[in-house]
Amino acid sequence: MHRTMFPIGPQHPSLKEPIFLKLYVEGTVIEKAEFDLGYAHRGVEEKMENKEIDTTLHAVQRTCGICSQCHSLAFLNAVEPMGQIRIPKRVALQRMVIAELERIHSHMLWSGVMMHEMGLETLFMYYMREREKILDVFDELTGNRVHHSADLIGTMKMNFSEEDIEMISKTFDSMKDKLEDYRRSVEGHDVIRDRCIGKGKITRADAVKYGLVGPVARASGISYDVRVNAPYLGYQFVKVNPVVRTEGDVHARTLVRLDETFESMRIVEEACSKIPKSKVPKYPVKRIFHGQGAGRVEAPRGENFHFVKIDMAKTKRVKIRTPTVANLVMYPKVLQGADITDAPVIVMSMDPCISCMERVAVIKKGKTEVWSSHELFRGKKHD
Amino acid sequence: MTIKKSPWVSFYNAGGCNGCTLEFLACTNPKFDITRFGIEVKASAKHADVLVVTGIVNKHNRKRIINIYEQMAEPKRVVAVGACAITGGIYRGSQAHAGPLDNVIPVTVYVPGCPPRPETIIKAILEALDDKNTKQGKKD
């Protein structure tokens, strides 16, 4: 018997997204953790069935607000080979610049929210202030702050001009010193060290067993990065040095993300310097009628996978597997035995993005637990 | 009843894509800084005057929204942020969609956009205080 069930969510200040965490505690130690999903289910994949490919691309970009470009890239990586569309170097590099800028803004958002979880409001505000500069860059480049909608099939909507590239490097110059300063304070801050070191530890063996991806896996010593292992787009032209740490705790995950921010900045600058003078091809490049394929990219949170089937120039099926799905299975295990005061920090350190994940059904093995359809809809079995 | 100034805001993401959530979060950052208007983001809906809802209302969280709305003390206002909250946006009519937000709870101000800019969200929160924008205000 569990003494107390401690509910977190679905509306909770530390969770910006709707997920219902049930922590069964004995004293202050978590004995068992469960989560209840479905609050952000929108029927994304259903809405993409039987649609024109361009319409689907629009919907794909709106799967997630944080990593909009990564979803569109994964989709295009699946679709473009079907029509034997070759991507010019300029398009590849431009797409990559936006994807890497997105990684920077995602990691900075995460760093800010993580500091907020630990009660360090000043650092939260600092990170949010710097992140705003990246959003301004997006605004200048694509016209949108959040959903960039920069891609078209085989091409892009804009050519980056000399001024655009200059603006990016100016923005980075104004940010770099500050970010390095914040990183130093994160690494050496006593409060942060106390709250992070040794908490939520994931061993390398566990990370392999549960199939973790992204910065969470890289913090546990697995050097796996789609950008390095299966280079797509402009990553053939620009080398990526994956950031790997071996500690596997919350602190390691924090530092991996902070270091990746600097790495992404370097990639963006290198990519910008390699953009050729030619213009992007005119739209439409080529129509695609039949085929099926898969595409994968490294999203800020890890590997993002799309399966697409096209028939009669319409998408019949799009299957999306986001990195949060892969990392979610680790939550109950990593929360078990932790102190309840560490729970927000541990949950946040995995960087959950519930909104793009909500297409899963969790089927329990072992202990039989039958839910009626009514309970499934209500999510009622809360003990 | 009127709210004169300095509304406290509670926030619920009813299953959006995070876009509107990010833009609402951006309102609190030093660039947009909603505390200039005395607005403060509160964790519990019980403390809040204005409820900001983003994302589509799906079958799973419909009851939650009503629950949160009922917890709020009078006078209360609701701001529906983004195309998804207003009509369902691109997810309108999908298997999970349970209708627009104003079918579930009374909405004071609608903020269109996918996603709307932070300035618009701040303006909407301030406009929600005006009695003319509530249903009772319109009758008078």
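Note that the protein sequences, when read in sequence, are chains P and H.
The opening position of the first sequence corresponds to residue -14 in our numbering, with each subsequent residue numbered one higher.
The opening position of the second sequence corresponds to residue 1493 in our numbering, with each subsequent residue numbered one higher.
Note that beta-carbon positions come from the ideal geometry of N, C-alpha and C, so glycine has one too.
What are the residues in the region 40 to 57 of chain P lying within 8 angstroms of chain H by C-beta distance?
43, 44, 47, 48, 49, 50, 51, 53
Could you spell out where the beta strand (DSSP E) holding residue 1543 of chain H opens and where it closes?
1542 to 1546
Measuring alpha carbon to alpha carbon, tell me which of P:122, P:167, P:271, P:169 ends up nearest residue 154 of chain P.
P:122
Check each candidate in H:1495, H:1506, H:1514 and name the one with the smallest Cα separation from residue 1610 of chain H.
H:1514
Determine, using beta-carbon pairs with one atom in the region 19 to 28 of chain P and one in the region 250 to 270 of chain P, whether at least three such pairs fall under 8 angstroms.
no
Around the C-beta of residue 268 of chain P, are 16 or more other C-beta atoms found within 10 angstroms, so that it is buried, or is it exposed?
exposed
From the DSSP secondary-structure annotation, give me the bridge partner or partners of residue 9 of chain P.
P:-10, P:17
Going by beta carbon distance, what residues of the same chain come within less than 8 angstroms of residue 125 of chain P, once the five residues before and after it are set aside?
149, 152
Counting only the same chain and skipping the five closest in sequence on each side, list residues whose C-beta sits under 8 angstroms from that of residue 1524 of chain H.
1518, 1610, 1611, 1614
With a cut-off of 8 angstroms on the beta carbons, I'd call residue 212 of chain P and residue 228 of chain P a contact; round off their distance for me.
No, residue 212 of chain P and residue 228 of chain P are not in contact; Cβ-Cβ is about 12 angstroms, not under 8 angstroms.
For the region 1540 to 1552 of chain H and the region 1568 to 1577 of chain H, state whether three or more C-beta atom pairs, one from each stretch, are separated by less than 8 angstroms.
yes
Mind checking if residue 1572 of chain H is an interface residue toward chain B, Cβ cutoff 9 angstroms exclusive?
You won't find chain B in this structure, because its protein chains are P and H.
I want to verify the contact list: residues of chain H whose CB lies under 7 angstroms from the CB of residue 131 of chain P, in sequence order.
1511, 1514, 1515, 1607
Give a yes or no on whether 9 angstroms exceeds the smallest Cβ distance from residue 25 of chain P to chain H.
yes
Only counting the same chain, and skipping five residues up and downstream in sequence, which positions put a Cβ closer than 6 angstroms to that of residue 10 of chain P?
-11, -9, 325
Please name the residues in the region -2 to 14 of chain P whose beta-carbon is closer than 8 angstroms to at least one beta-carbon of chain H, in chain order.
-2, 1, 2, 3
Quick check: the region 42 to 59 of chain P against the region 275 to 292 of chain P, are there 3 or more CB pairs under 8 angstroms?
yes
Listed in chain order, which residues of the region 1542 to 1561 of chain H have Cβ atoms closer than 8 angstroms to some Cβ of chain P?
1547, 1548, 1550, 1551, 1552, 1553, 1555, 1556, 1560
Quick check on the DSSP output: the beta strand (DSSP E) that includes residue 300 of chain P runs from which residue to which?
299 to 306
How should residue 1607 of chain H be labelled, buried or exposed, when 16 other C-beta atoms within 10 angstroms of its C-beta is the threshold for buried?
buried
List the residues of chain H that residue 113 of chain P touches, going by C-beta distances under 9 angstroms, in chain order.
1517, 1518, 1520, 1521, 1522, 1523
Presumed contact (8 angstroms Cβ cut-off) between residue 140 of chain P and residue 45 of chain P, rounded CB distance
About 16 angstroms; that fails the 8 angstroms criterion.
Just tell me which of H:1594, H:1535, H:1520, H:1626 has its CA closest to the CA of residue 116 of chain P.
H:1520
Determine, using beta carbons only, whether residue -5 of chain P comes closer than 9 angstroms to chain H.
yes
Buried or exposed (CB count within 10 angstroms, at least 16 for buried), residue 162 of chain P:
exposed
Under 9 angstroms between C-beta atoms, does residue 28 of chain P make it to chain H?
yes
Would you call the region 225 to 240 of chain P and the region 186 to 204 of chain P in contact, with 3 or more CB pairs under 8 angstroms?
yes
Boundaries (first-last residue) of the alpha helix (DSSP H) holding residue 294 of chain P
Note, residue 294 of chain P: premise wrong, no alpha helix (DSSP H); beta strand (DSSP E) at 287 to 296.
Which partner residues does residue 406 of chain P have in the DSSP bridge list?
The requested residue 406 of chain P does not occur in the structure, where chain P is confined to residues -14 to 368.
For chain H, is any of its Cβ atoms less than 9 angstroms away from the one on residue 116 of chain P?
yes
So does the region 310 to 327 of chain P actually touch the region 8 to 24 of chain P, counting three or more Cβ pairs closer than 8 angstroms?
yes
Taking CB distances under 9 angstroms as the criterion, tell me whether residue 105 of chain P reaches chain H.
no
Give the interface partners of residue 338 of chain P over in chain H, defined as CB-CB distance under 8 angstroms, in chain order.
1510
Mind listing the chain P neighbours of residue 1588 of chain H? Cutoff is C-beta to C-beta under 7 angstroms, in chain order.
26, 27, 28
is_contact[residue 31 of chain P, chain H] using C-beta, thresh 9 angstroms
yes
Cβ contact check for the region 1580 to 1594 of chain H and the region 1620 to 1627 of chain H: 3 or more pairs under 8 angstroms:
no
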